[in-house]
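Just below is one structure, and these are the notes that go with it.
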Amino acid sequence: MSGRNGGCPLPEAWSAYVDRETAPGESLALRAHLESCPVCRLEVRAIQAGRKALRAAPVPAMPDDLRRTLEGMAARRYPAPPAASAAPWGLPAWVRFLLSPAVLAPAAASALLAALWLGRREPPRLELAAEPVELPMELVVSAHNRYALTLPLAPADELFSEPSAQLAGGSMEAGDVH
Ligand SMILES: [Zn+2]
């Protein structure tokens, strides 16, 4: 076994290991280290317990001032486009000109379509700009949190090689304490 300063992986490595974000080869090396190092086994179990506690905790409500700040930032970043610039069928005049059959040579079609496609990667504000939209910032943040927290936890037997890994049932070494 190696000591804390003598070859043990850094805590960040174990965090990535628990989140299954390590490369296959790295995972094998970390798992092999776990078999011989009780210090790191304890660390991995602590990280797992922390993950579980985080998932069990309720998502706190967003403070009103923070919500207003974020909404203001979003409004400045994505202002509603002026109504005059919107063409009747949603495309600027120069795009309609380029799309007209007289201009659009078949050879250039694919390149232009590719450019238009790339240009579409922006928030869907054209559809939303017609009426005032209440930005559900709290909903967005909580949806993100739910996504981040519902990624599957790695099963204990995937992290620990030894069959006596005690995290399987969610208990945290209760038997070892006393
Ligand atoms: Zn170690």
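Going letter by letter, the sequence shown gives residues 753 to 930 in this note's numbering.
Where is the CB? At the ideal position from N, CA and C, for every residue including glycine.
Every value quoted in this text rests on a predicted model; they were computed, and no experiment measured them.
With a cut-off of 8 angstroms, do at least 3 Cβ pairs link the segment 778 to 789 to the segment 798 to 810? Contact between the segment 778 to 789 and the segment 798 to 810 is not established, with fewer than three Cβ pairs separated by less than 8 angstroms.
Report the CB separation of R803 from V770 in whole angstroms; it is logged as a contact under 8 angstroms. Numbered from its first residue, the sequence shown carries residue 803 at position 51. Numbered from its first residue, the sequence shown carries residue 770 at position 18. With 8 angstroms as the limit, R803 and V770 qualify as a contact, their Cβ atoms being about 7 angstroms apart.
Using DSSP with H/G/I as helix, E/B as strand and the rest coil, what is L905? Counting from 1 along the sequence shown, the entry for residue 905 is found at position 153. Residue state, collapsed to three classes: coil.
Is G759 near ligand 1, going by C-beta to nearest heavy atom under 8 angstroms? Translated into the one-based positions of the sequence shown, residue 759 becomes position 7. Within the cutoff, so yes.
CA nearest to the CA of V893, picked from P812, A798, A832 and D817: The residue you call residue 893 lines up with position 141 of the sequence shown. Nearest C-alpha to V893: P812.
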